[in-house]
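*Asks:*
Residue numbers (this note's numbering): 143 to 645.
#1: On the DSSP bridge list, what partners appear for residue 727?
#2: Which of helix, strand or coil does DSSP assign to residue 342?
#3: Enumerate in chain order the residues of its own chain whose CB-to-CB distance from residue 511 is below 7 Å, with the five nearest sequence positions on each side excluded.
#4: Leaving out the 5 sequence neighbours to the left and right, which residues in its chain are closer than 8 Å to residue 440 when beta-carbon positions are compared?
#5: With a CB to CB cut of under 8 Å and the five nearest residues on each side skipped, what residues in its chain are close to residue 264?
#6: Alpha carbon to alpha carbon, how far is residue 455 from residue 598? Give it in angstroms, no decimals.
#7: Confirm, please, whether the CB-CB distance from residue 311 to residue 296 is below 8 Å.
#8: Buried or exposed, going by whether 16 or more other CB atoms sit within 10 Å of the CB of residue 478?
#9: When DSSP labels each residue in this structure, what does residue 299 get in the three-state scheme?
#10: Cutting at 8 Å between CB atoms, please list the residues of its own chain near residue 579, excluding the five before and the five after it.
#11: Can you grab the Cα-Cα spacing for the pair residue 490 / residue 507, in whole Å?
#12: Residue 236 CB to nearest chain B CB: under 8 Å?
#13: With the cut-off set at 8 Å, would you say residue 452 and residue 604 are in Cβ contact?
#14: Reducing DSSP to helix, strand and coil, say where residue 535 ends up.
#15: Is residue 593 near residue 427, with beta carbons less than 8 Å apart?
#16: As an exercise, report each continuous alpha helix (DSSP H) stretch of at least 4 residues that is fully enclosed by the region 370-428, in chain order.
#17: Can you tell me whether DSSP reads residue 447 as helix, strand or coil?
#18: Is the region 362-380 touching the region 626-638, taking contact as three or more C-beta pairs under 8 Å?
#19: Out of curiosity, what's the CA-to-CA distance linking residue 184 and residue 430?
#20: Mind checking residue 222: buried by the 16 CB within 10 Å criterion, or exposed?
#21: For residue 598, which beta-bridge partners are listed by DSSP?
#22: Nearest by alpha-carbon distance to residue 447: which of 606, 350 and 351 is it?
#23: Helix, strand or coil for residue 569, going by three-state DSSP, please let me know.
#24: For residue 476, which of helix, strand or coil comes out of DSSP?
#25: Considering residue 492, what are the terminal residues of the alpha helix (DSSP H) in which it resides?
#26: Reducing DSSP to helix, strand and coil, say where residue 518 ends up.
#27: So the beta strand (DSSP E) residue 214 belongs to, where does it begin and stop?
#28: Measuring alpha carbon to alpha carbon, tell me which residue in 437, 386 and 443 is nearest residue 415.
#29: Does the count of Cβ pairs from the region 153-166 and the region 194-203 closer than 8 Å reach three?
#30: Between the region 268-285 and the region 248-255, can you find at least three pairs of beta-carbon atoms closer than 8 Å?
#31: Pick helix, strand or coil for residue 282, following the three-state DSSP scheme.
#32: Whether or not the region 605-621 and the region 345-356 are in contact is what I'm after, with contact meaning three or more pairs of Cβ atoms, one per stretch, closer than 8 Å; do they touch?
#33: What is the C-beta distance between residue 662 and residue 587, in whole angstroms, given that I count them as a contact (C-beta under 8 Å)?
#34: Where do the N-terminal and C-terminal ends of the alpha helix (DSSP H) with residue 637 fall, by residue?
#35: Report the rounded CA-to-CA distance for residue 615 versus residue 595, giving the unit in angstroms.
#36: Could you check where the alpha helix (DSSP H) with residue 433 kicks off and where it finishes?
Here is the structure:
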């Protein structure tokens, strides 16, 4: 039985030669590239009363450019089918410089896995759908699979002062040994059961919502009590809400929607989660475009300027252009604020009060980024934070500066709870000054229709945008102090609205 509005998956396995599958149990749909590329008939795979997603497991012998394997993945994406491996994974693996860059984050995991292993000659491991027989390397294997999702991966390791990945290649099922065939079949069975199919137990709910969070994050967008409130609100609205973490990347297809409650960045797994979920047809908050736009202050500076939205006077400074620094001082004056393009939670933001300070701070920052921002400084006791979802205000708070400091967060001082932060005060939406609310809504509308937190200062009866956050705080007893559980219900109901609008 398929519940109304649910999406089920039809799995199709593609093999180069039908004999390549002789060692395995029969599957629902087994095809050759000829069947899929030339003889495909979409009408044969439509079932009345259900909304079936076509899932392609491409097990061709190789995925070289313009090969059968390559074309099967290419046409799968063109037809709107979910496919493993994707064309992106195929292309990334064909360019060693790309996977060298993508696996930089793996270095710590690799060194940890080999902590007690002496240097030796290089060796190779096989990864079947994220699984490897080497238990010590299972975490590494899962991360590699998350970066390059392909049925079979062969990873070469070498010792060069430390253990490193030398190469990552795809493998074919026709080349598996008898022992490897058993491991591959087991991994495929687990992969199919956990990823491609909807768990039966979840069908008692209308929809499944995944909340991506990091339980060890220093400044999480939502604390534990707020996350519990989202789960509670979900149940009360017939939505199954499950907390997931970075390690659950490959499970995204299980859900109808993804809610990111972890601090986002472009070169980060949060952005990859958003892109993956969107490719699987999920509703995503915050979506990848919002992350792209909000995490870069250079983009936001231009957006504010082009839409005539008030913001402190700001100049973009380029590397190796010292004349711009003096120009900034002349136009903006001292003290001024220097910002990196992608900082968050007051990190990467510096107050400079002399030419010497400007030179020292900018010299250091230009080692990490080619562009920085110089911004007018004016002190206020607090910043307004207006939470906006789908062009509508969700909450309004005043975030006060830390005592004796010019920012909300004082990273130089700590108490028993961690970094010192200022007080907060929550306001009814109706009590927010109109010019503050209107400015916040105007900016959010220009960025998208997702969940945003707009920070503003008031000066001389005007509202000035300081920044916009793509995954703003929603914490218990702070942002929900006025609305209570209604805030969480509003968020859950918006997910339901978005899911049903797509259907």
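Cβ coordinates follow ideal geometry from the N, Cα and C atoms, glycine included.
Given the structure is predicted, the values throughout are model-derived calculations rather than measurements.
*Replies:* Let me lay it out:
#1: Since the first residue shown for the chain is 143 and the last is 645, residue 727 is missing from the structure and cannot be characterised.
#2: As a first step, residue 342 is located in the chain shown; it is residue number 200 there, counting from the start. Here the model assigns residue 342 a pLDDT of 39, short of 50, so the residue's position is not dependable and the matter cannot be decided.
#3: Position 369 of the chain shown, counting from 1, holds the residue named residue 511. Result list for residue 511: 482 and 483, in chain order.
#4: For this step, residue 440 is matched to residue 298 along the chain shown. Result list for residue 440: 458, 483, 513 and 515, in chain order.
#5: As a position in the chain shown, residue 264 is number 122, starting the count at 1. So the list reads 298, 299, 300, 301 and 308, once near-sequence residues are dropped.
#6: On the chain shown, residue 598 is found 456 positions in, with the first residue counted as 1. On the chain shown, residue 455 is found 313 positions in, with the first residue counted as 1. Using only the alpha carbons, I get a separation of about 14 Å.
#7: Reading the chain shown from its first residue, position 154 is the one you call residue 296. Reading the chain shown from its first residue, position 169 is the one you call residue 311. Yes; because the gap between Cβ atoms is below 8 Å, this pair is in contact.
#8: By one-based count along the chain shown, residue 478 stands at place 336. Buried, by the Cβ-count rule.
#9: By one-based count along the chain shown, residue 299 stands at place 157. The answer is strand: DSSP assigns residue 299 an E or B state.
#10: Here residue 579 corresponds to residue number 437 of the chain shown, with the count starting at 1. 528, 535, 538 and 571, listed in sequence order.
#11: In the chain shown, counting from the first residue as 1, residue 490 sits at position 348. In the chain shown, counting from the first residue as 1, residue 507 sits at position 365. Approximately 9 Å, taken between the alpha carbons.
#12: Of the protein chains in the structure, only one exists, and it is not chain B.
#13: The residue you call residue 452 lines up with position 310 of the chain shown. The residue you call residue 604 lines up with position 462 of the chain shown. Yes. Within cutoff.
#14: In the chain shown, counting from the first residue as 1, residue 535 sits at position 393. It is a strand residue.
#15: In the chain shown, counting from the first residue as 1, residue 593 sits at position 451. In the chain shown, counting from the first residue as 1, residue 427 sits at position 285. Their beta carbons are under 8 Å apart, which means residue 593 touches residue 427 by this criterion.
#16: 411-421
#17: Taking the chain shown and counting its residues from 1, one reaches residue 447 at position 305. Reduced to three states, the DSSP call for residue 447 is helix.
#18: Yes, the region 362-380 is in contact with the region 626-638.
#19: Reading the chain shown from its first residue, position 42 is the one you call residue 184. Reading the chain shown from its first residue, position 288 is the one you call residue 430. The straight-line gap from Cα to Cα measures roughly 30 Å.
#20: The sequence position of residue 222 within the chain shown is 80, counting from 1. With fewer than 16 other Cβ atoms inside 10 Å of its own Cβ, residue 222 counts as exposed.
#21: Your numbering for residue 598 matches position 456 in the chain shown. Residue pairing from DSSP places residue 598 in a beta bridge opposite 526 and 607.
#22: Locating residue 447 in the chain shown gives position 305, where the first residue counts as 1. Looking at the Cα atoms, 606 is the closest of the given residues.
#23: Here residue 569 is taken as the residue at index 427 of the chain shown, counted from 1. Strand.
#24: As a first step, residue 476 must be located in the chain shown, where it is residue number 334. Residue state, collapsed to three classes: coil.
#25: Locating residue 492 in the chain shown gives position 350, where the first residue counts as 1. No alpha helix (DSSP H) holds residue 492; the beta strand (DSSP E) holding it covers 491-494.
#26: Counted from its first residue, the chain shown places residue 518 at position 376. Here residue 518 sits in strand by DSSP.
#27: Residue mapping note: residue 214 aligns to position 72 of the chain shown, counting from 1. Unbroken run through residue 214 is the alpha helix (DSSP H), 210-220; no beta strand (DSSP E).
#28: To locate residue 415, count along the chain shown from 1; it is residue 273. Closest in alpha carbon position to residue 415, among 437, 386 and 443, is 386.
#29: Output reads yes: the region 194-203 touches the region 153-166.
#30: These segments touch.
#31: The sequence position of residue 282 within the chain shown is 140, counting from 1. Helix, per DSSP.
#32: no
#33: Outside the shown range of the chain (143 to 645) lies residue 662, about which nothing can therefore be said.
#34: Indexing the chain shown from 1 puts residue 637 at position 495. Looking at the DSSP string, the run of the alpha helix (DSSP H) that includes residue 637 is 627-644.
#35: Reading the chain shown from its first residue, position 473 is the one you call residue 615. Reading the chain shown from its first residue, position 453 is the one you call residue 595. For residue 615 and residue 595, the distance between alpha carbons rounds to 8 Å.
#36: Here residue 433 refers to the residue found at position 291 of the chain shown. Unbroken alpha helix (DSSP H) run through residue 433: 430-436.
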